[in-house]
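Some notes on the structure that comes next.
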Amino acid sequence: LKGARVLGCTKHFPGLGEASLDTHQELPTVRKPWSRMWAEDLLPYRKLVRESPFVMVAHANYTAVCDSVPASLSKKWISGVLREKLKYRGLVVCDDLEMGGVLAAAPPAKAAVRHIRAGGDLCLVCHQEAFVRSAFEGLHTAAAKDRRFQTLAQQRVRRVLAYKARSAAVAGRYPKPSSTKIAQLSRALWEFAEQVRYSSEQPEEEA
C-alpha cells in the first residue's frame with residue numbers, strides 16, 4: 012500500500028480473531044487473558060506501531076481490560092493501551108458507527124462523542140445520511156457545551172489536518188490519473204467486489 016501511495020489501516024484493534032459474533036450485527040465479548048492478547052492479538056500492532064498511518068478500533072468487549080465498554084469507545088484501550096503502552100502516534104478511527112456491535116452500546120450521536128473522548132481521531136459513519144447527521148450534531152453539541160471536549164476535538168482536527176497536509180505533499184509529486192484511468196479502476200474494483208460477493212453466496216461443497 013505504501014508503495015502505491017495509499018494510506019493503510021491496521022484493524023480491528025485489539026483483535027477480532029476469537030470473537031464469536033459478527034460485529035456488524037451484535038456486540039461480542041472476547042474472554043481472553045491479557046498475556047495471550049499481548050502475545051497474539053496485539054503482536055501485529057506492536058510490530059507496525061511506527062508504520063501504520065491508521066488503526067481502526069473494534070466494536071467488541073474485552074475482559075482483559077474493560078469488559079463493559081466496546082474497545083472503540085474505551086479510554087483504557089485507545090488512550091491507555093494503544094497510545095500510552097504501544098506508543099502509537101498515527102490516526103485512530105472507530106469502525107462504522109452504524110454497526111450493531113456499537114449500537115448495542117450507544118447511538119451514533121453519543122458513540123461519536125465517546126470515541127473522541129476515549130482518544131480517537133475520526134468516526135466512520137458509512138451508509139445512512141441520518142446517522143451521519145446524528146453523529147455530526149452530537150459532536151457539535153458536545154463541543155458547544157463542554158469546553159474540555161471542544162479542546163479535545165480541536166486537537167483531533169489538527170492531527171488529522173497534519174496528516175492530510177503530509178499526504179497532499181506526497182500526492183503532489185505525482186501526476187493525477189486521467190478520467191479514463193479512474194473509470195478503468197472503478198470498473199475493476201466493481202468486478203472484484205462482484206466476484207467476492209458471488210463466491211460468498213455459493214454453498215459450500217460437502218466433503
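Numbering (my numbering), first residue to last: 12 to 218.
Cβ atoms here follow ideal geometry from the backbone N, Cα and C, with glycine treated the same way.
Keep in mind the model is a prediction, meaning the values are calculated, not measured.
Residue environment for residue 126: buried (at least 16 other C-beta atoms within 10 angstroms of its C-beta). Residue 103 places its beta carbon 8 Å or farther from that of residue 78.
Here residue 48 really is in contact with residue 25; their C-beta atoms are around 6 Å apart, less than 8 Å.
For residue 22, the three-state secondary structure derived from DSSP is strand. With 16 or more neighbouring CB atoms inside 10 Å of its own CB, residue 39 falls in the buried class. Spatial neighbours of residue 59 in its own chain (CB-CB distance under 7 Å, excluding positions within 5 residues in sequence) are listed in chain order as 21. Residues of the same chain with a CB within less than 8 Å of the CB of residue 141, apart from the 5 flanking positions on each side, do not exist. In terms of Cβ geometry, residue 97 and residue 129 do not form a close pair [threshold 8 Å]. Between residue 153 and residue 124, the CB-CB gap stays under 8 Å. Runs of the alpha helix (DSSP H) spanning 4 or more residues and lying entirely within the segment 103 to 174 occur at 111 to 114, 119 to 129 and 140 to 156, in chain order. Residue state for residue 99 is assigned as coil, using DSSP reduced to three classes. Residue 119 and residue 146 do touch by the CB rule: their CB atoms are close to 4 Å apart, below 8 Å. Counted as a single uninterrupted DSSP element, the beta strand (DSSP E) harbouring residue 66 occupies residues 65 to 68. In the displayed model, residue 60 falls within coil according to three-state DSSP, outside both helix and strand. Setting aside the 5 residues that flank it on each side, residue 117 is surrounded in the same chain by 84 and 125, each with a C-beta closer than 8 Å to its C-beta; the list follows chain order.
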